Amino acid sequence: MIRWLAPLAALAIAAFIGFWLILNAVPGLIMGKAMERIQADGAQINQVVHVTPTSEDSRRVVRPSPDILYSICLYDVREAPLDVTIPADEDGLIASVSFFDANTNNFMNLRPEGAARNVQLGEEIAAPTRTGIVLYRRILTNRVSMETAETQRQAFRCEAAP
Amino acid sequence: MIYRIAIFGLTGLVLGALTALFLVFGPTGWGGTKIGPWQINTLIGSSDADAMTRAVVARRGLLALNQNEAIYFSADFDDDDRRFNAECTYRLTFTDPPQAGWWSLTLYAEDEFLAQNGEGLHSMTADDFMHRDEDPVTAIISPRPVDGPGLRISSAQAGAFNLTLRLYRPDPAVITAPETTHMPSIERMSCGGAS
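Put into structure tokens, the structure is as follows:
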């Protein structure tokens, strides 16, 4: 029996390590895959893409909301910080700019308040990982037309700092 | 002996990895607090989330916001703990509106995307709720149109679907004591002609 103790201990320890490694790798792998898909659709790093209003054909990122307008910026702050423009609060309705690191953590949310303003990711806001996603969400309600929401989200911008 | 340890170690590594993959891509739910058929995990989107929560959220709800901006209630079962079935008809009853700046309820097909059924009836929102002249407000989930003027979300082509209730800018009480939140009941009315 004793001669089996060491192999069984190796089995248990290795199983724990394998479990832990996969569990911690999955978020980064899924995020990386999602970023690849978005890039395959024509998105450029450190530039905003205003995503077509969600429909049943929207299949790049799971669980899109049909009641929200999305704009997305894939960021990479290895070379330079990222300048992000938060649109103005035009009508008091809900919009947000959310920052996600490469491990899927939502490390910052900013809301439009008053006039449009700029923030810098990688300087003013610390980036936990060098790559990730900045996502603008704008809820669609009966109070605002799609045209108005479309116009408002054009103010969301991101670009590498000079 | 060393050879045996190496074989067992390798086997363990593979078993551990497969177990993790099975749980993340298989039956594991969101975790957190259960309120009737609804489940909420306030750690979604947070860097404080445990590894399992983060992995499951990456698979089932990538780019979910943390609780400062939004929280998510999720349901895969009806009030009687039966897995949702796209061929059945369900009635949701809201005794109170969700407590948040804005909210939406969305039906996702088994593949985690909007059901591809051409109907465009995937959700209801706070707007719909405000314009209903009934108390309590009800909504029907059904694969086919039903009689009456009520709100309907289509489950056609959705398989074993999921319901997600998003609360944007939730009331602080919802975050600190989610179990006290008034969630809509989900009653199965009929299923393929039988109740």
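Residue numbers (my numbering), protein chains in the order written: chain A, 1 to 162; chain B, 1001 to 1195. Glycine is no exception: its CB is placed at the ideal position from the N, C-alpha and C atoms. Because the structure is a prediction, the values reported are computed rather than measured.
Next item on the list: Find the residues of chain A that neighbour residue 1016 (chain B), judging by a C-beta separation of less than 7 angstroms, and give them in chain order.
Entry: Result: 14, 15, 16, 17, 18, 19.
Checklist line | Contact list for the stretch 1094-1124 of chain B against chain A, Cβ threshold 8 angstroms | finding: 1101, 1102, 1104, 1106, 1108, 1112, 1113, 1114, 1115, 1116, 1117, 1118, 1120, 1122, 1123
Item checked: 3-residue-minimum beta strand (DSSP E) runs that sit fully inside the stretch 1038-1093 of chain B, ordered along the chain -> 1038-1040, 1070-1075
Next item on the list: Please classify residue 145 (chain A): is it buried, with 16 or more other beta-carbons within 10 angstroms of its beta-carbon, or exposed?
Entry: exposed
Next item on the list: Would you mind listing the alpha helix (DSSP H) stretches within the stretch 1141-1181 of chain B that are 4+ residues and don't spill past its ends, in chain order?
Entry: 1172-1176
Note to self: Tell me which residues share the same chain as residue 1185 (chain B) and place their Cβ nearer than 6 angstroms to its Cβ, disregarding the 5 neighbours each side in the sequence.
What the structure shows: 1079, 1093
Note to self: Tell me the DSSP secondary structure of residue 120 (chain A) in three-state form.
What the structure shows: strand
Margin query: Taking 8 angstroms as the threshold (beta carbon to beta carbon), is residue 5 (chain A) in contact with chain B?
Written below: No, no contact with chain B.
Next item on the list: Quick one: residues in its chain with C-beta nearer than 6 angstroms to the C-beta of residue 157 (chain A), no 5 flanking neighbours on either side, listed in chain order?
Entry: 48, 85
Margin query: At the level of alpha carbons, what is the spacing between residue 1109 (chain B) and residue 107 (chain A)?
Written below: 29 angstroms
Notebook entry, point to check: In the structure shown, what three-state DSSP assignment does residue 24 (chain A) receive?
Noted result: helix
Note to self: Considering Cα atoms alone, identify which of B:1025, B:1065, B:1035 is closest to residue 1043 (chain B).
What the structure shows: That would be B:1065, whose Cα lies nearest to the Cα of residue 1043 (chain B).
Checklist line | residue 1133 (chain B): first and last residue of the uninterrupted alpha helix (DSSP H) it sits in | finding: Unbroken run through residue 1133 (chain B): none, as it is neither H nor E.
Next item on the list: State the Cα-Cα distance for the pair residue 77 (chain A) and residue 133 (chain A), rounded to the nearest angstrom.
Entry: 11 angstroms
Margin query: Quick check on residue 1195 (chain B): does DSSP put it in helix, strand or coil?
Written below: The pLDDT assigned to residue 1195 (chain B) is 48, lower than 50, so where the model puts this residue is not dependable; a value taken from the coordinates is nonetheless given after this. The answer is coil: DSSP assigns residue 1195 (chain B) none of H, G, I, E or B.
Notebook entry, point to check: Can you find a CB in chain A that lies within less than 8 angstroms of the CB of residue 1068 (chain B)?
Noted result: Between residue 1068 (chain B) and chain A, the shortest Cβ-Cβ separation is below 8 angstroms.
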